[in-house]
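A.B. asks:
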Amino acid sequence: MDELILKLKNEIIAVLNLEDVKPEDIDENAPLFGEGLGLDSIDALELIVLMEKEYGIKLNDPNQGKDVFKSITIMAEFITANRTK
Amino acid sequence: MSQPVYINSIKQISAQPPLTEDWFDNPVFYTEQYVRSVEPDYKQFFTPNEARRYGKILKRALLVSRQVMAESGVTQPDAIVTGTGLGCIESTEIFLDKLVREGEEFLNPTHFMQSTHNTIGSLIAIDTQCKSYNNTYSHKGISFECALQDAFLQLQGREEVRRFSTVLVGAHDEMLPAYFTLLVKAGYVGKSNQTFAGETAVAMMLSENKTENTWCKIEAVEKLYGDVRKKMEDVRCETSQVSNLKSQILNPDYIMIGTNGVKENDDVYYENCAKWFPNIPLLQYKNIFGESYSASALGVYAAATCLKRGEIPKHLRITNHKLRTADKSINRILCYNHFENKNHTFILLSK
Chain A
1 MDELILKLKN EIIAVLNLED VKPEDIDENA PLFGEGLGLD SIDALELIVL
51 MEKEYGIKLN DPNQGKDVFK SITIMAEFIT ANRTK
Chain B
86 MSQPVYINSI KQISAQPPLT EDWFDNPVFY TEQYVRSVEP DYKQFFTPNE
136 ARRYGKILKR ALLVSRQVMA ESGVTQPDAI VTGTGLGCIE STEIFLDKLV
186 REGEEFLNPT HFMQSTHNTI GSLIAIDTQC KSYNNTYSHK GISFECALQD
236 AFLQLQGREE VRRFSTVLVG AHDEMLPAYF TLLVKAGYVG KSNQTFAGET
286 AVAMMLSENK TENTWCKIEA VEKLYGDVRK KMEDVRCETS QVSNLKSQIL
336 NPDYIMIGTN GVKENDDVYY ENCAKWFPNI PLLQYKNIFG ESYSASALGV
386 YAAATCLKRG EIPKHLRITN HKLRTADKSI NRILCYNHFE NKNHTFILLS
436 K
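Just so you know, the protein sequences line up as chains A and B, in that order. Numbered per our numbering, the first sequence finishes at 85, counting up by one with no gaps. Numbered per our numbering, the second sequence finishes at 436, counting up by one with no gaps.
1. I'd like the ranges of any alpha helix (DSSP H) spanning at least 4 consecutive residues and lying wholly in the segment 177 to 214 of chain B.
2. If you scan the segment 339 to 386 of chain B from start to end, which runs of the alpha helix (DSSP H) of 4 or more residues do you find wholly inside it?
3. Give me the residue from B:K308, B:E307, B:M289, B:Y310 with the minimum Cα distance to W300 (chain B).
4. Grab me the residues of N426 (chain B)'s own chain with a C-beta within less than 6 Å of its C-beta, minus the 5 sequence neighbours each way, in chain order.
5. Listed in chain order, which residues of the segment 360 to 384 of chain B have Cβ atoms closer than 9 Å to some Cβ of chain A?
6. Would you be able to state if there are at least three C-beta pairs under 8 Å between the segment 276 to 283 of chain B and the segment 118 to 126 of chain B?
7. Just to confirm, are V313 (chain B) and H429 (chain B) a CB contact at a threshold of 7 Å?
8. For chain A, check one thing: does any of its Cβ atoms lie closer than 7 Å to the Cβ of P103 (chain B)?
9. Residues of chain B with CB under 8 Å from V49 (chain A), in chain order?
10. Determine contact between the segment 127 to 143 of chain B and the segment 203 to 210 of chain B, defined as no fewer than three beta-carbon pairs at a distance below 8 Å.
11. Could you check whether F249 (chain B) and Y163 (chain B) sit closer than 7 Å to each other, using their CB atoms as the reference points?
12. Whole-angstrom Cβ separation of V306 (chain B) and L233 (chain B), contact assumed at under 8 Å?
13. Among B:L267, B:L104, B:I403, B:R417, whose alpha-carbon lies nearest the alpha-carbon of G395 (chain B)?
14. Do the CB positions of S94 (chain B) and V153 (chain B) come within less than 7 Å of each other?
15. Assuming M290 (chain B) is part of the beta strand (DSSP E), what are its boundary residues?
16. Just checking: is the beta-carbon of R463 (chain B) within a distance shorter than 7 Å of some beta-carbon in chain A?
17. Kindly say whether R186 (chain B), judged by its beta-carbon, lies nearer than 7 Å to any beta-carbon of chain A.
18. Would you tell me roughly how many angstroms separate the C-alpha atoms of D25 (chain A) and I13 (chain A), rounded to the nearest one?
19. Specify the secondary structure class of F249 (chain B) as computed by DSSP and reduced to three states.
20. List the residues of chain B whose Cβ lies closer than 7 Å to the Cβ of G38 (chain A), in chain order.
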């Protein structure tokens, strides 16, 4: 799980162009939206693309994203349970 | 009577030091064929979320727009008009590159949303909360002039139809390595003696009111297409009898032209100026600001700076041409731009 969390942090930094942010700066249990990294709805779209592209997980219901993207730890758990690649 | 139109602030990000007039006394000269803009430290001006989200052209456009608003004291312009030859070409390139390499399935929404030409004007509208007139012109080398003419006419119109008292005008173009390579192969840039291919970000606040910050007045914006020589003859015939404005176009103190070191391009300027504006001293700007679709906005910026400061720096003077005559007073500068000898534009600025 720790390995996946680190991989996710690096992928999020790259896809969201989080300048000057390092993996160790991100609290994997902090909320991704609103507080924490302060991501917004466009970032959510980028994360949906990331989930499908890297892990073969298609989020058909947008409301599902609210639960899946609560934190990096929750994302990692969801990926572990549902990944197809 | 037409309403006067003033430039109350104008700023640039280009190959010269950004957001300053350092180029006036200490210009940077380049020998490279391709020079990207000198970027300011965006961390001073943008939040981390803004900085990571926006591409280079958007950061530049937003920053110069904010700066002219601050200098002119306008918190919200009445309208926004933008000229861009290539639009947000960097985002377009990333989007298309992914489309080719990875197919249509996993395209990033951010680059898609930012890949349109009017993203620039839209972003400035969101930033300024300006929900009024917002227009983008994309006509290759005369995109800026189209935008300026739109704003000029809107401000200059008769009182009963005039809707705006301030218009934010921008001219923005970026040059990417891959696009530069394509232009070299096509023979548009990179020629022997040709000035460098550069990038442009210019914003200016146009207003119907003169203030203590006013840089200069815009007297006229004219565009000609096609058989330009005949049309200019028509302009000359009308001047003495009909239009004082056109008379002024034909009698500037200086002419700022877009010579770039390519004979075919430069000869058009020299021949037409000799015919239409004999013995008027010529000025240049592409030798320090470079060539791009929106470069003529930097010509207007350079001319406006000369009018504001009341002097012409040595590096803007074309000293090797027989047309040059003795110095004159600096009251009116005509910015003459042509694109491929088809579109010819004239912008007359005065003190």
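Ideal Cβ positions, reconstructed from N, Cα and C, are used throughout, including at glycine. Note that the structure is predicted; figures quoted are calculated from it, not measured.
C.D. replies: Taking the structure as given:
1. Here the runs fully enclosed are 194 to 198, 204 to 213.
2. As far as the segment 339 to 386 of chain B is concerned, its whole alpha helix (DSSP H) runs of at least 4 residues are 348 to 361, 371 to 374.
3. Selected option, being the one with the closest Cα: B:M289.
4. Around N426 (chain B): V353.
5. none
6. The answer is yes - the segment 276 to 283 of chain B touches the segment 118 to 126 of chain B, with three or more Cβ pairs under 8 Å.
7. Remark: C-beta atoms of V313 (chain B) and H429 (chain B) approach each other more closely than 7 Å.
8. no
9. F191, L192, N193, P194
10. yes
11. The displayed chain sequence assigns Asp, not Tyr, to residue 163 (chain B). Yes, these two residues count as a Cβ contact at 7 Å.
12. 6 Å
13. Out of B:L267, B:L104, B:I403, B:R417, B:R417 has the C-alpha closest to the C-alpha of G395 (chain B).
14. It is a contact, given that the beta carbons lie within the stated cut-off.
15. 285 to 292
16. The displayed coordinates of chain B run from 86 to 436. Any statement about residue 463 (chain B) would go beyond what the structure contains.
17. no
18. 11 Å
19. In the structure shown, F249 (chain B) sits in coil (DSSP, three-state: anything other than H, G, I, E or B).
20. N134
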